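Participant:
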Amino acid sequence: MPDHIKSVCEQRVFEEVFNTHSKTIRNFIYYKCGDSAQAEDLTQDAFVKLWNNCAKVPFEKAKSYLYTLANNAFLNEVAHKKVILKHQKSVTTMVSHENPEFVYREKEFKGELDRAIANLTPKQREVFLLNRIENKKYKEIAEMLAISVKAVEKRMHGALVSLRSEIKEFKK
Amino acid sequence: MEHQNNDTYLAKWLAGEMSENELQNFKNSDTYADYKFLVDVVDNLETPDYNQQKSYSATLDKITKQQDKPVTKVRALIPNWAYAAAASVVLFFGYTFFFQETTYNSELAEQISFELPDGSEVLLNAGSEIAFNKFNWDNNRSLDLTGEAYFKVQKGSKFTVTTKEGSVTVLGTQFTVNSRNNFYNVKCFEGKVKVTSDKLNHILTSGKAISIQNHIATPYTIIESSPSWTAQESSFNNVAISQVVTELERQYNITISGKENLQAAYFSGRFSHNNLQLALITIFDTMEIPYTFDANSNVRIQKY
Chain A
1 MPDHIKSVCE QRVFEEVFNT HSKTIRNFIY YKCGDSAQAE DLTQDAFVKL WNNCAKVPFE
61 KAKSYLYTLA NNAFLNEVAH KKVILKHQKS VTTMVSHENP EFVYREKEFK GELDRAIANL
121 TPKQREVFLL NRIENKKYKE IAEMLAISVK AVEKRMHGAL VSLRSEIKEF KK
Chain B
1001 MEHQNNDTYL AKWLAGEMSE NELQNFKNSD TYADYKFLVD VVDNLETPDY NQQKSYSATL
1061 DKITKQQDKP VTKVRALIPN WAYAAAASVV LFFGYTFFFQ ETTYNSELAE QISFELPDGS
1121 EVLLNAGSEI AFNKFNWDNN RSLDLTGEAY FKVQKGSKFT VTTKEGSVTV LGTQFTVNSR
1181 NNFYNVKCFE GKVKVTSDKL NHILTSGKAI SIQNHIATPY TIIESSPSWT AQESSFNNVA
1241 ISQVVTELER QYNITISGKE NLQAAYFSGR FSHNNLQLAL ITIFDTMEIP YTFDANSNVR
1301 IQKY
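Protein chains in written order, with my numbering: chain A, 1 to 172; chain B, 1001 to 1304.
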């Protein structure tokens, strides 16, 4: 923006910010609370607040402002549900041998994985899923959550260790 | 090889930040296959569907709906003087709207019907006019009538019909008022009607009628349950023949010539609104009045 400072007060800019960040923020909250309707609601509330304070929030700060709001809003909410993720595509595509036993094991595995993810600590879960599903780099996550990159790495590591230990399949 | 002293090596591995040597060691460890499989599965997971557009419009809705006034520049769009101007306009039109009289006019050979603000029905006979004020109608049901009209009055406050000859106040329900030059006729079909004219005060009950011609009141009884003119007929009970002829002119929108030839007489009977020839026969033939009626519908009363 050479001679024009982008202002979130312009609806065009506001919509651009929304389109860029709303999905990730919604998922970010979803990873915390496991309720997609509630996550969407809190996301929208965060954007309403951004609009109301558009004059005070510079365009460049909008993203971190939104994450802070979403995070705070979540802290005020009590309801927590189990985070359930969908299989994007069959695991079978990664394994060449497809047989009934494998399909059965895959289903069983998915159930165990859901449970294992739910049993992660909230801090591990949000970091782990932001990285694996939202493809956020550790540095970005660190900025979002206002923690150090080292802390992010620890949570990532801890999440993987915890997942592995929770799944019986690996204990054989 | 185990990495027990390192609490971030898995994170490094995922980020592709392991050194060649470390990676090789990790791949040789017995946990590598598990982690690899786990991450492959997790990387293919998806969050619940998200409709960004829907969520955006929901957000805009929330913004518009919020009650506490947000920071915005929308505020000053309408300056205060505009409200004053708008109020004056409303007052001006409101005044004209509320206090202006509403008038209904029926043309010759035309009957119109309409409802008053309280739902009372009015059927206006040919060549008549009614004026009333819509404002505060429920508390002040009064209207001015010139000509003839049939009223079906809804229950409520006093209902008054004012004419040049006098006024009619409704105590009950259905009645007709006919007020033409020097002729005043009120028929009560249902309920009770009070007729006031000059010094006369008369209460008509259902089935009673009163006719006042040249200040002489003649009460009589009617048998029909609604005025005959509402059924395409005009009926008369001892009415001056000149009145009957003007009614005929009104109903057919014609001019009858030679009216000066008419001699004083009273007519009782009815004529149809649909057949002029038949109507002429009913009036003039029965009264033995000579007349001509040509192909162009010109009617002329002859000397007799």
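Even for Gly, the Cβ is constructed at its ideal location relative to N, Cα and C. Computed from a prediction, not measured in an experiment: that's the story for all the values here.
Where do the N-terminal and C-terminal ends of the beta strand (DSSP E) with Glu1233 (chain B) fall, by residue?
Facilitator: The residue given as residue 1233 (chain B) occupies position 233 in the second sequence. Where Glu1233 (chain B) is concerned, the enclosing beta strand (DSSP E) stretches over Glu1233 to Ala1240.
Participant: Where does Thr1008 (chain B) fall in DSSP's three states?
Facilitator: One-based indexing of the second sequence puts residue 1008 (chain B) at position 8. Looking at Thr1008 (chain B) - three-state DSSP - the assignment turns out to be coil, as it is neither helix nor strand.
Participant: Would you mind sorting Lys56 (chain A) into buried or exposed? The rule is 16 or more other CB atoms within 10 Å of its CB.
Facilitator: Here the question's residue 56 (chain A) lines up with position 56 in the first sequence. So Lys56 (chain A) counts as exposed.
Participant: Just to make sure I have the definition right: I need the residues of chain A whose C-beta is within less than 8 Å of the C-beta of Tyr1056 (chain B). Which are they?
Facilitator: Within the second sequence, residue 1056 (chain B) is the residue found at index 56, counting from 1. Simply Glu15, Phe18, Asn19 and Ser22.
Participant: Beta-carbon separation of Val1299 (chain B) and Ile1256 (chain B) under 7 Å?
Facilitator: The residue given as residue 1299 (chain B) occupies position 299 in the second sequence. The residue given as residue 1256 (chain B) occupies position 256 in the second sequence. Yes, the Cβ-Cβ distance between Val1299 (chain B) and Ile1256 (chain B) is below 7 Å.
Participant: Have a look at Met94 (chain A) and Tyr1035 (chain B) and give me their C-alpha separation to the nearest angstrom.
Facilitator: Position 94 of the first sequence, counting from 1, holds the residue named residue 94 (chain A). Position 35 of the second sequence, counting from 1, holds the residue named residue 1035 (chain B). Since pLDDT at Met94 (chain A) reaches only 45, below the 50 mark, its modelled position is unreliable, and the value read off the structure follows with that caveat. Rounded to whole angstroms, Met94 (chain A) to Tyr1035 (chain B) spans 14 Å at the Cα level.
Participant: Helix or strand or just coil, what does DSSP make of Lys23 (chain A)?
Facilitator: Counted from its first residue, the first sequence places residue 23 (chain A) at position 23. Correct three-state label for Lys23 (chain A): helix.
Participant: Using the three-state DSSP reduction, which class does His1215 (chain B) fall into: helix, strand or coil?
Facilitator: Counting from one through the second sequence, the residue named residue 1215 (chain B) turns up at place 215. Coil.
Participant: Can you check which of these residues, B:Thr1146, B:Leu1038, B:Gln1277 and B:Leu1123, is closest to Ala1131 (chain B) by C-alpha distance?
Facilitator: Residue mapping note: residue 1131 (chain B) aligns to position 131 of the second sequence, counting from 1. Ranking the options by Cα distance to Ala1131 (chain B), first place goes to B:Thr1146.
Participant: Could you pull the start and end residues of the beta strand (DSSP E) that Leu1123 (chain B) belongs to?
Facilitator: Here residue 1123 (chain B) corresponds to residue number 123 of the second sequence, with the count starting at 1. Glu1121 to Leu1124 is the span of the beta strand (DSSP E), which, as asked, contains Leu1123 (chain B).
Participant: Beta-carbon within less than 8 Å of Ser1268 (chain B)'s beta-carbon, same chain only, minus the 5 sequence neighbours each way: which residues are those?
Facilitator: Translated into the one-based positions of the second sequence, residue 1268 (chain B) becomes position 268. Same-chain partners within the cutoff: Phe1236, Asn1237, Asn1238 and Val1239.
Participant: When you compare only the Cα positions, how much space is there between His1215 (chain B) and Ala1086 (chain B)?
Facilitator: Within the second sequence, numbered from 1, the residue matching residue 1215 (chain B) stands at position 215. Within the second sequence, numbered from 1, the residue matching residue 1086 (chain B) stands at position 86. Their Cα atoms are separated by approximately 54 Å.
Participant: I'd like to confirm the pairing. Which residues does DSSP put opposite Leu1143 (chain B) in its beta bridges?
Facilitator: By one-based count along the second sequence, residue 1143 (chain B) stands at place 143. According to DSSP, Leu1143 (chain B) bridges with B:Phe1132 and B:Val1161.
Participant: Determine the contact status of Leu130 (chain A) and Lys136 (chain A), defining contact as a CB-CB distance below 7 Å.
Facilitator: Numbered from its first residue, the first sequence carries residue 130 (chain A) at position 130. Numbered from its first residue, the first sequence carries residue 136 (chain A) at position 136. With contacts defined by Cβ atoms closer than 7 Å, Leu130 (chain A) and Lys136 (chain A) form a contacting pair.
Participant: CB-CB under 8 Å to Ile1203 (chain B), same chain, minus the five flanking residues each way: which ones, in chain order?
Facilitator: Counting from one through the second sequence, the residue named residue 1203 (chain B) turns up at place 203. Once the five neighbours on either side are set aside, the close Cβ partners of Ile1203 (chain B) are Leu1171, Lys1192, Val1193, Lys1194 and Val1195.
Participant: Using 6 Å as the cut-off, classify the Cβ of Ser1179 (chain B) as near or not near the heavy atoms of the ligand SAH, replying yes or no.
Facilitator: As for the ligand SAH, it is missing from this structure, which has no ligand bound.
Participant: Identify the continuous beta strand (DSSP E) that holds Gly1269 (chain B) and give its terminal residues.
Facilitator: The count along the second sequence starts at 1 and reaches residue 1269 (chain B) at position 269. First-last of the beta strand (DSSP E) with Gly1269 (chain B): Tyr1266 to Ser1272.
Participant: At the 7 Å Cβ level, is Tyr1032 (chain B) part of the contact set with chain A, yes or no?
Facilitator: Counted from its first residue, the second sequence places residue 1032 (chain B) at position 32. No, no contact with chain A.
Participant: Confirm, please, whether the CB-CB distance from Thr24 (chain A) to Glu140 (chain A) is below 7 Å.
Facilitator: In the first sequence, counting from the first residue as 1, residue 140 (chain A) sits at position 140. In the first sequence, counting from the first residue as 1, residue 24 (chain A) sits at position 24. No, Cβ-Cβ distance for Glu140 (chain A) and Thr24 (chain A) is not below 7 Å.
Participant: Does the CB of Leu1010 (chain B) have a neighbour CB from chain A at under 7 Å?
Facilitator: Your numbering for residue 1010 (chain B) matches position 10 in the second sequence. Yes, its Cβ sits closer than 7 Å to a Cβ of chain A.
Participant: Using 7 Å as the limit for Cβ to Cβ distance, is Ser1019 (chain B) near chain A?
Facilitator: Translated into positions along the second sequence, residue 1019 (chain B) becomes position 19. No, its Cβ sits nowhere closer than 7 Å to a Cβ of chain A.
Participant: Just verifying my parser: in three-state terms, what is the DSSP assignment at Asn1105 (chain B)?
Facilitator: One-based indexing of the second sequence puts residue 1105 (chain B) at position 105. Reduced to three states, the DSSP call for Asn1105 (chain B) is strand.
Participant: Report the start-end ranges of each beta strand (DSSP E) in the region 1165 to 1204 of chain B that is 3 residues or longer and not cut off at the edges.
Facilitator: 1167 to 1170, 1174 to 1180, 1183 to 1188 and 1192 to 1197
Participant: Tell me whether Ser90 (chain A) is buried or exposed, calling it buried when 16 or more other Cβ atoms sit within 10 Å of its Cβ.
Facilitator: For the purposes of this step, residue 90 (chain A) is taken as the residue at position 90 of the first sequence. The predicted model places Ser90 (chain A) with a pLDDT of 42, which falls under 50 and marks its position as unreliable; any figure quoted below should be read in that light. Under a 10 Å Cβ-count criterion, Ser90 (chain A) is classified as exposed, with fewer than 16 other Cβ atoms of the shown protein chains found around its own Cβ.
Participant: Label Phe1284 (chain B) either buried or exposed according to how many other C-beta atoms from any shown protein chain fall within 10 Å of its C-beta, with 16 as the threshold for buried.
Facilitator: What you label residue 1284 (chain B) is simply residue 284 of the second sequence in a count that begins at 1. With 16 or more Cβ atoms within 10 Å of its Cβ, Phe1284 (chain B) is classed as buried.
Participant: Taking Phe47 (chain A) as the query, report the chain B residues whose CB atoms sit under 7 Å from its CB, ordered along the chain.
Facilitator: Against the first sequence, residue 47 (chain A) aligns to sequence position 47. Going along chain B in sequence order, the residues near Phe47 (chain A) (Cβ under 7 Å) are Thr1059.
Participant: Cβ atoms of Phe47 (chain A) and His28 (chain A): under 7 Å apart, would you say?
Facilitator: Locating residue 28 (chain A) in the first sequence gives position 28, counting from the first residue. Locating residue 47 (chain A) in the first sequence gives position 47, counting from the first residue. The question names His, yet the displayed sequence has Phe at residue 28 (chain A). No, the Cβ-Cβ distance between Phe28 (chain A) and Phe47 (chain A) is not below 7 Å.
Participant: Along the beta strand (DSSP E) that carries Tyr138 (chain A), what are the first and last residues, could you check?
Facilitator: Residue 138 (chain A) sits at position 138 when you count from the first residue of the first sequence. For Tyr138 (chain A), there is no enclosing beta strand (DSSP E); the residue is found in the alpha helix (DSSP H) stretching over Tyr138 to Leu145.
Participant: So the alpha helix (DSSP H) Phe47 (chain A) belongs to, where does it begin and stop?
Facilitator: Locating residue 47 (chain A) in the first sequence gives position 47, counting from the first residue. Element bounds for Phe47 (chain A): Ser36 to Asn52.
Participant: Spatial neighbours of Asp1118 (chain B) within its chain, please: C-beta separation below 8 Å, excluding the five flanking residues on both sides.
Facilitator: By one-based count along the second sequence, residue 1118 (chain B) stands at place 118. Closer than 8 Å at the Cβ level, and outside the excluded window around Asp1118 (chain B), lie Trp1137, Asp1138, Arg1141, Gln1154 and Gly1156.
Participant: Establish whether the CB of Gln88 (chain A) and some CB of chain B are separated by less than 7 Å.
Facilitator: Within the first sequence, residue 88 (chain A) is the residue found at index 88, counting from 1. Its pLDDT being 48, under 50, Gln88 (chain A) is placed unreliably by the model, and nothing is read from it.
Participant: Can you have a look at Val1252 (chain B) and say buried or exposed, based on whether 16 or more other CB atoms are within 10 angstroms of its CB?
Facilitator: Residue mapping note: residue 1252 (chain B) aligns to position 252 of the second sequence, counting from 1. Per the sequence presented here, residue 1252 (chain B) reads as Tyr, with Val not at that position. Classification of Tyr1252 (chain B): buried, given that the 10 Å Cβ count is 16 or more.
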